[in-house]
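In this note's numbering, the protein residues as written are 282 to 413.
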C-alpha cells in the first residue's frame, strides 16, 4: 500500500512523524526525542504499571490551532490526532497493553504496540505522563 511521510510537529524536544496510508483509517506514529546536547536519559515504559497524564500538564482541544495541545507553565505542545488519542487514554486506569488494545479496537487494526510504546517513552521522558 503506498504511503506518504509528513512531518507534523516540530517542537522544543520532539519530532513527530506520521505515516498515513492512502485510503486507510489508521495512521502510525513515530516519535524521535532529541536534546541540544544529544544526551537522552533512558526512560522506558513498564508494561505492568498504569499510565497517567501528568498533573502539571493539561491536555485540551485548542480552538485557535484546531488541534489538541499539551499546556504546561513554560508553553504549549501541539499534538497530531494519533498522539492525542494515545494521551487521552492515559487516565491512570490502563497499562500499556490496555491502551494498545483499546486503540487497535477503535481503529480496527493491529500491530500498534511498537509505535505506541515509542511515543509513550518520549512522553515519559518529557514528563507528559507518569507511571503508578
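By construction, the Cβ of each residue, glycine as well, lies at the ideal position given by its N, Cα and C atoms.
None of the values given here were measured: they were computed from a predicted structure.
Boundaries (first-last residue) of the alpha helix (DSSP H) holding residue i
i: residue 386; result: 377-387
i: residue 362; result: 362-369
i: residue 401; result: 394-406
Beta-carbon proximity of residue i to residue j, cut-off 8 Å
i: residue 384; j: residue 366; result: yes
i: residue 327; j: residue 412; result: yes
i: residue 340; j: residue 369; result: yes
i: residue 381; j: residue 390; result: no
i: residue 371; j: residue 410; result: yes
i: residue 359; j: residue 346; result: yes
Continuous beta strand (DSSP E) stretch holding residue i: start and end
i: residue 411; result: 410-412
i: residue 343; result: 339-343
i: residue 349; result: 348-353
i: residue 333; result: 332-334
i: residue 357; result: 356-359
Identity of the residue in the options nearest residue i by Cα
i: residue 407; options: 343, 351 and 374; result: 351
i: residue 400; options: 330, 374 and 364; result: 364
i: residue 375; options: 324, 325 and 329; result: 329
Is the stretch 322-334 in contact with the stretch 354-364, if contact means three or more CB pairs nearer than 8 Å?
no
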